[in-house]
Amino acid sequence: PQTLRSLAHHVRTAAELDKRDPVTAYYCRVFVMQTAMKIDSRSPESRKFLGGLMDNLEKAKKELADREEVHDEVVGQCHVENYALQIFIYADNEDRAGRATRAVVRAFYTASLLFDVLSLFGELSDELMEKQRYARWKATYIHTCLKNGETPI
Amino acid sequence: GGSIGASTASGEQDELSQRLARLRDQV
Numbered sequence: 010p011q012t013l014r015s016l017a018h019h020v021r022t023a024a025e026l027d028k029r030d031p032v033t034a035y036y037c038r039v040f041v042m043q044t045a046m047k048i049d050s051r052s053p054e055s056r057k058f059l060g061g062l063m064d065n066l067e068k069a070k071k072e073l074a075d076r077e078e079v080h081d082e083v084v085g086q087c088h089v090e091n092y093a094l095q096i097f098i099y100a101d102n103e104d105r106a107g108r109a110t111r112a113v114v115r116a117f118y119t120a121s122l123l124f125d126v127l128s129l130f131g132e133l134s135d136e137l138m139e140k141q142r143y144a145r146w147k148a149t150y151i152h153t154c155l156k157n158g159e160t161p162i
Numbered sequence: 004g005g006s007i008g009a010s011t012a013s014g015e016q017d018e019l020s021q022r023l024a025r026l027r028d029q030v
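For the record, the sequence lines run as chains A and B. So the number in our numbering is just where the residue sits in the first sequence, counting from 1, plus 9. So the number in our numbering is just where the residue sits in the second sequence, counting from 1, plus 3.
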């Protein structure tokens with residue numbers, strides 16, 4: 010729905026992660042659900058979307074019955090944090106090696122979205138918040154450079 | 004009609020909140 014457009018990238022990231030990392034995909038959707046309910050839980054379009062998303066989440070939790078990360082949020086937080094950092098570190102290494110490609114833009118951006126997801130579990134540490142800001146800024150900066158045919162520094 | 008619509012909406016909202024809390028084992 011229009012009112013929830015700000016969450017579209019998180020929804021897309023969840024879909025991309027479904028096969029690669031179902032646990033992170035699950036928490037990405039929990040984040041969307043929780044945030045969307047704060048933004049718009051009243052319009053018919055949003056209610057329809059949220060009902061479908063909730064069905065999906067309940068089904069996913071059953072399918073992931075053997076994954077401790079889904080049933081214990083402390084373990085889940087650790088899992089999502091590790092995954093986000095892994096993507097961040099990949100992007101950072103590539104960037105510092107002078108290989109700032111579209112894949113690196115994407116990785117920085119995905120990392121920044123997953124840092125958003127971590128806010129589900131409480132306030133981000135200063136270190137993570139700094140990485141989140143850096144990832145978002147780097148994604149925008151490299152994207153702009155590539156678009157303008159400039160070499161990112 | 005407005006108040007019935009509003010109470011239905013908040014009822015559904017409560018139901019979703021409860022389902023989310025159950026999902027996250029917060030109940």
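All C-beta atoms, glycine included, are put in the ideal place defined by N, C-alpha and C.
Step through the CB atoms of chain B and report whether any lies within less than 7 Å of the CB of residue i.
i: A/Arg14; result: no
i: A/Leu62; result: no
i: A/Leu123; result: no
i: A/Phe42; result: In the sequence as displayed, the identity of residue 42 of chain A is Met instead of Phe. True, the Cβ-Cβ gap to chain B drops below 7 Å.
What residues of chain B sit near residue i, judged by a beta carbon separation below 8 Å?
i: A/Leu59; result: Leu19
Quick one: measure Cβ to Cβ for residue i and residue j, integer angstroms, because I've assumed they're closer than 8 Å.
i: A/Leu73; j: A/Tyr35; result: 6 Å
i: A/Leu123; j: A/Val84; result: So it is not a contact: roughly 16 Å between Cβ atoms.
i: A/Val39; j: A/Val20; result: That pair is no contact at about 12 Å.
i: A/Phe130; j: A/Gln95; result: Not a contact, Cβ separation roughly 18 Å.
i: A/Glu82; j: B/Arg22; result: Actually they do not touch by this definition, with Cβ atoms about 16 Å apart.
In chain B, which residues lie with their C-beta within 9 Å of the C-beta of residue i?
i: A/Leu66; result: Arg22, Leu23, Leu26
i: A/Val39; result: Leu23, Leu26, Arg27
* Asked: Touching or not, the segment 51-62 of chain A and the segment 92-106 of chain A, by the rule of three or more beta carbon pairs under 8 Å?
  -> Output reads no: the segment 92-106 of chain A does not touch the segment 51-62 of chain A.
* **Segment contact, 8 Å Cβ cut-off, at least three pairs: the segment 40-56 of chain A with the segment 138-152 of chain A** => The segment 40-56 of chain A vs the segment 138-152 of chain A: no contact.
* Asked: Using a beta-carbon distance cut-off of less than 7 Å, what residues from the segment 117-142 of chain A approach chain B?
  -> Within the segment 117-142 of chain A, contact with chain B at the beta-carbon level (separation under 7 Å) is assigned to no residue.
* Does the segment 110-122 of chain A come close enough to the segment 89-100 of chain A to have 3 or more Cβ pairs within less than 8 Å? -> Yes, they touch.
* Name, going along the chain, the residues of the segment 69-97 of chain A whose beta-carbon falls closer than 9 Å to a beta-carbon of chain D. => No chain D appears in the structure shown, which is made up of the protein chains A and B.
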